[in-house]
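Asker: One structure follows; several queries about it will come next.
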Amino acid sequence: MERLLSIIFIYILVENFVLQRFFGICPFLGVSRKMETAIGMSMAVVFVMTMATIVTWLLFTFVLEPFNLQYLQIVTFILVIASLVQLVETTLRKISPTLYQGLGIFLPLITTNCAIMAVALLAVREEFVFVEAVVFGVAASLGFSLALVIMAGIRERLELAEIPDVLQGSAVTLITAGILSLAFMGFRGMLSL
Amino acid sequence: MQIFYAIIALGLIGLLFGILLSMAARIFSVKVDPRVDKVKDVLPGANCGACGYAGCVQFAEAVVRGEADPGGCIPGAGDTAEALADVLNLEVGKAEALVATVFCIGDNTKAVDLFIYDGVEDCAVAGRFNGGFKACGYGCLGLGNCVRVCPFDAIEIGSHGLPVVDQQACTGCGLCVKACPRDLIKTLPRRSNRGHLVLCSSHDRGKSVSKACSVGCIACKACVKACPQEAIDMEDKLAVIDLDKCDDCGACVPVCPPETIYPRTAIPANLKELEKQPLAAGAPESSS
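Pasting the structure below:
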């Protein structure tokens, strides 16, 4: 239990996927302009990341490892994530059209989100047991969501701020992301597994 | 040997996911009503939103579900309604074709300007700035909010500084009605352009109206008394003609001191026509 809690804490704050590990920077900068889209993307990521961790962990432990095929993990995981996203999309469209419309274009976008791949690979490398891997997936996606929501909040305010001409647009966004990342470095070393 | 395991394992995983996906596609297939596409093809496709739905596709879905009245497409008017009726095998009431009409003729030769406005080209902004540059607080500022919002390019600002509706191109979608910060545009039933109109929107008192504009309604009630059909009413110091009662007799036209009343046929049908014959120049002929 203690280990699970520390996994949650570590991967939301200390080892935040976006701000400390620098995974998934593309959606982090791409969809953080509005809070609404940021939350939509976050929900989609939580959903897919958790599913992806579960499936890849099972595949790795029960298929790749027994046959000594660990070196195939990246190819396999790409396959898994791509089909999983597709599967989720078709299922969601039928079962919950509201959620499908809410997540909208974010679902297919996630296929190419490297944070998902990272979760799958790290869950294996850290040699988590199944429950730990699931919690790890959830925590990592929550960390991603946290970073995205904070960023969206800041950027919504930046819209109203007076920004010097040279810094306008992506410049100020990248600087903001950098400062945010520095702030999260304050959690460094607080806890480790 | 290793490599065969790899190939088999990866192939099997791929096959498994492939089967899973195709099964999911089969089981969870969402049936899209083919009628939605047909309805969508019939609609004008301007996504103007006049029907109250976000766009033509949403309207099509609502029509197929039976929630929306197929006659609700205003730009498409009767033709679209009939085409929809063919697609859906329905009887529909025709949407009444509308046309936008600007209720201000105080152009730059007739309305008095208070000062030269040199700010943002936006009627709402100009109107807030010291109450607008025109002496008349109700008159058209002519900065073209209606022009910018029109999806059909059916409204233009003429050299006289007022918008002119191209009656051929206008679909009556009503976007300009909403865009005008001074509520000067109304959509009227086309009905072969019948009826007379008081082309002024000023609710000011007669004295200040005549100071601000030579063609504004001064609320003298001469037309009210002259109308044999009793089609004209005063609404807050502005004469308004009820088009349903008006029989185009033209009795109100000669009695109006500032010449604000015109038969609808005299309103120029587009910018070219206006430049050929400005509205107020020729005496409005009545079609008795």
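For the record, the sequence lines run as chains B and P. Take the first sequence: its letter number 184 is residue 184 in my numbering, and every next letter is one higher. Plus 1000 on top of the position in the second sequence (first one is 1) and you've got my numbering. Positions of the beta carbon are idealized from the N, C-alpha and C atoms, including for glycine. Fair warning: this is a prediction, and the values are worked out from it, not measured in the lab.
#1: Let me know if Asp1041/P comes out buried or exposed under the rule of 16 or more other beta-carbons within 10 Å of its beta-carbon.
#2: If I measure Cβ to Cβ from Gly1131/P and keep anything under 6 Å in the same chain, skipping five residues before and after, which residues do I get?
#3: What is the residue span of the beta strand (DSSP E) that Lys1186/P lies within?
#4: With DSSP run on the structure shown, which of helix, strand or coil describes Lys1110/P?
#5: Put Pro1284/P into one of helix, strand or coil per three-state DSSP.
#6: Give me the residue from Leu193/B, Ala152/B, Phe187/B, Gly186/B with the minimum Cα distance to Thr173/B.
#7: When we look at the beta-carbon of Ala1281/P and count the other beta-carbons within 10 Å, is it buried (16 or more) or exposed?
#8: Run through the segment 1189-1268 of chain P for me and flag every whole beta strand (DSSP E) of 3 or more residues, listed as ranges in chain order.
#9: Within this structure, are the beta carbons of Val1164/P and Leu1098/P separated by less than 9 Å?
#10: Please look up how many angstroms separate the CB atoms of Thr1260/P and Gly1206/P, rounded, as I've assumed it's under 8 Å.
#11: Identify every residue that forms a DSSP beta bridge with Thr61/B.
#12: Below 7 Å CB to CB, which residues in the same chain sit around Asn1047/P once its five sequence neighbours on both sides are set aside?
#13: Output yes if chain B places a C-beta closer than 9 Å to the C-beta of Ser1029/P; else output no.
#14: Would you list, in chain order, the members of the segment 84-96 of chain B that have their beta-carbon closer than 9 Å to a beta-carbon of chain P?
#15: Rounded to the nearest angstrom, what separates Tyr11/B and Leu182/B at their Cα positions?
#16: Would Asp1086/P be called buried (16 or more neighbouring beta carbons within 10 Å of its own) or exposed?
#17: Rounded to whole angstroms, what's the CA-CA distance from Phe1004/P to Glu65/B? Just pull it up for me.
#18: Does the beta carbon of Phe60/B come closer than 9 Å to any beta carbon on chain P?
#19: Considering only the beta carbon of each residue, do Leu87/B and Ala1068/P sit closer than 9 Å?
Answerer: The short version:
#1: Within a 10 Å sphere around the beta-carbon of Asp1041/P sit fewer than 16 other beta-carbons, which makes this residue exposed.
#2: Closer than 6 Å at the Cβ level, and outside the excluded window around Gly1131/P, lie Gly1137.
#3: Looking at the DSSP string, the run of the beta strand (DSSP E) that includes Lys1186/P is 1185-1189.
#4: Correct three-state label for Lys1110/P: coil.
#5: Its pLDDT being 43, under 50, Pro1284/P is placed unreliably by the model, and the measurement read from it follows with that caveat. Three-state result, Pro1284/P: coil.
#6: Closest by C-alpha distance to Thr173/B, out of Leu193/B, Ala152/B, Phe187/B, Gly186/B, is Ala152/B.
#7: Legend: pLDDT at Ala1281/P = 40, less than 50; position of this residue unreliable, value from coordinates given subsequently. When all chains shown are included, Ala1281/P counts as exposed.
#8: Complete beta strand (DSSP E) runs here, min 3: 1196-1198, 1232-1234, 1239-1241, 1261-1263.
#9: For Val1164/P and Leu1098/P, no; Cβs fall outside 9 Å.
#10: Contact between Thr1260/P and Gly1206/P does not hold, since the beta-carbon distance rounds to 12 Å and is not under 8 Å.
#11: BP columns for Thr61/B are empty, so no partner.
#12: The residues are Gly1055, Cys1056.
#13: Yes, Ser1029/P lies at the interface with chain B (some Cβ there is under 9 Å from its Cβ).
#14: Here the close residues are Leu84, Gln86, Leu87, Thr90, Thr91, Leu92, Arg93, Lys94, Ile95.
#15: For Tyr11/B and Leu182/B, the distance between alpha carbons rounds to 16 Å.
#16: The C-beta of Asp1086/P has fewer than 16 other C-beta atoms within 10 Å across all chains shown, which makes the residue exposed.
#17: Computed Cα separation, rounded: 15 Å.
#18: No, Phe60/B does not count as interfacial toward chain P.
#19: A distance of 9 Å or more separates the beta carbons of Leu87/B and Ala1068/P.
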